[in-house]
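Chemist: Numbering (the UniProt record's numbering), first residue to last: 1 to 141.
Encoded as structure tokens, here's the structure I'll be asking about.
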């Protein structure tokens with residue numbers, strides 16, 4: 001499946017091996033969720049290591065550890081679609097973090113709609129009963 005089919009298509013192709021891949025990355029990480037502080041929309045689920053969390057605290061922007069590239073990823077550094085941190089929460093077992101953010105650009109997802117605008121978040125499709133995917137909002141197509 002191509003990246004375009006994966007990101008724009010209607011065929012479900014979940015990566016159930018993702019956590020195995022994450023476990024094999026070169027850094028100790030935990031899940032890091034970016035949530036719009038105003039709307040509650042979940043924008044991104046990524047991973048953070050200690051450096052990513054320290055960087056997020058220092059710069060005030062949602063920061064992740066790219067498990068595929070093994071490098072620091074300050075969301076928006078190349079796209080301009082920063083996620084300004086309003087608050088950082090830690091779950092009960094202290095094994096994940098939640099960035100409550102205010103989007104400072106046009107969107108949070110690296111994918112773009114047909115007009116070339118970044119989608120507000122990464123969860124722009126829903127699973128239908130027949131097992132196919134559909135866009136949640138026509139503006140996201």
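Where is the CB? At the ideal position from N, CA and C, for every residue including glycine.
(1) Could you tell me which uninterrupted alpha helix (DSSP H) segments, each at least 4 residues in length, are contained entirely in the UniProt domain "Phosphoribosyl-AMP cyclohydrolase" (45 to 114), listed from first to last along the chain?
(2) Quick check on the burial criterion: 16 or more other C-beta atoms within 10 angstroms. Buried or exposed for residue 101?
(3) Measuring CB to CB, does residue 72 end up less than 9 Å from residue 43?
(4) Going by DSSP, what residue range makes up the beta strand (DSSP E) through residue 125?
(5) Is residue 26 helix, strand or coil by DSSP?
Modeler: Inspection of the coordinates gives the following:
(1) DSSP assignment within the UniProt domain "Phosphoribosyl-AMP cyclohydrolase" (45 to 114) yields the following whole alpha helix (DSSP H) runs of 4 residues or more, N-terminal first: 50 to 59.
(2) buried
(3) no
(4) 125 to 127
(5) coil
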